[in-house]
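Trainee: Take this structure, written in structure tokens, and hold onto it; I'll ask about it next.
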Amino acid sequence: MGNVYESQHPLVKHKLTILRNKETKPKKFRELIREISILLAYEVTEDLALTAVPVETPMGMTQGALLQEPIGLVPVLRAGLGMVEGVWEMMPGSEVWHIGLFRDERTLKPVEYYNKLPVSPTVQLCIVLDPMLATGGSASATVDILKRWGAKRIKYMGIIAAPEGINALHVAHPDVDIFVAAIDERLNEIGYIVPGLGDAGDRQFGTG
Ligand code: PRP
Ligand code: URA
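In my numbering, each residue carries its 1-based index in the sequence shown increased by 115.
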């Protein structure tokens, strides 16, 4: 069974508070999404496998360690785009595969419109990047796509989750670990997370 991790890091809580503020403008909002993603990546990658390697410093030899395998970063368009850059900077050897989904605001069901996966998986671990886990439909559909493609190990990294979304992703994909900055109270009647931060895509891109 996958686990659910809600970050307890003070820096994450601080930045998330500014992110939620309705007065925060798109430029600052994007910076915060990037910074929170870097901090969360630290927690998500805690169990990555290492290979021991010798390294020669200017002072002599020592034992070092390098990541054993490349990672696949899977941003879900649009809102997941803002999470990629910072995480990629931490792991520049990663591959990035974009999945385009939008939520039909009437049915709240995800609609796939873009998929840029290579022919077969080339990495052991895929990290799905999407800031909002609301009904869980988009995250579950993304994991469905990755599993059909052959991905073996998948983690989900988001910023705010509703309990309903966590439950839905857990039921659909019990093997997927979920990492978020905060678990909020609930979904409202139109499927938005409360208190949440509003529409993560619109707030990043200045639309809506
Ligand atoms: C948002 C968000 C998730 C989805 C979450 O995307 O980025 O992908 O909603 O909702 P769910 O858990 O109920 O599926 P949205 O559909 O607004 O598209 P956008 O990122 O292009 O704005
Ligand atoms: N998508 C968002 O951007 N925000 C929500 O609260 C729910 C879905």
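Even for Gly, the Cβ is constructed at its ideal location relative to N, Cα and C. These numbers come from a predicted model, not from an experiment.
(1) Is F217 near the ligand PRP, judged by its Cβ being under 7 Å from some heavy atom?
(2) Pull the bridge partners of K270 from the DSSP assignment, please.
(3) Should L181 go down as buried or exposed, given a rule of 16 or more other Cβ atoms within 10 Å for buried?
(4) Would you tell me roughly how many angstroms separate the C-alpha atoms of A194 and P246, rounded to the nearest one?
(5) Just verifying my parser: in three-state terms, what is the DSSP assignment at A164?
(6) Comparing the CB of I148 with every heavy atom of the ligand URA, is any distance shorter than 7 Å?
(7) Leaving aside the five residues before and after H124 along the sequence, list all residues of the same chain whose C-beta is less than 8 Å from its C-beta, in chain order.
(8) Does the beta-carbon of I242 have 16 or more other beta-carbons within 10 angstroms, so that it is buried, or is it exposed?
(9) Check this for me: beta carbons of R145 and Q319, under 8 Å apart or not?
(10) If you count every other CB in all the chains shown that lies within 10 Å of the CB of H288, and 16 or more means buried, which is it?
(11) With DSSP as the reference, label E150 as helix, strand or coil.
(12) Candidates E227, E184, A249: which alpha carbon is nearest S209's?
(13) Can you tell me whether DSSP reads E200 as helix, strand or coil?
(14) By the 10 Å Cβ neighbour count, where 16 or more other Cβ atoms means buried, how is P190 classified, buried or exposed?
(15) Cβ-heavy atom distance between G316 and the ligand PRP below 7 Å?
(16) Span of the alpha helix (DSSP H) holding N282?
(17) Applying the criterion that 16 or more other CB atoms from any shown protein chain within 10 Å of the CB defines a buried residue, is S235 buried or exposed?
Mentor: From the atom records:
(1) yes
(2) I242, D292
(3) exposed
(4) 7 Å
(5) coil
(6) no
(7) L154, E158
(8) buried
(9) yes
(10) buried
(11) helix
(12) E184
(13) helix
(14) buried
(15) yes
(16) 278-287
(17) exposed
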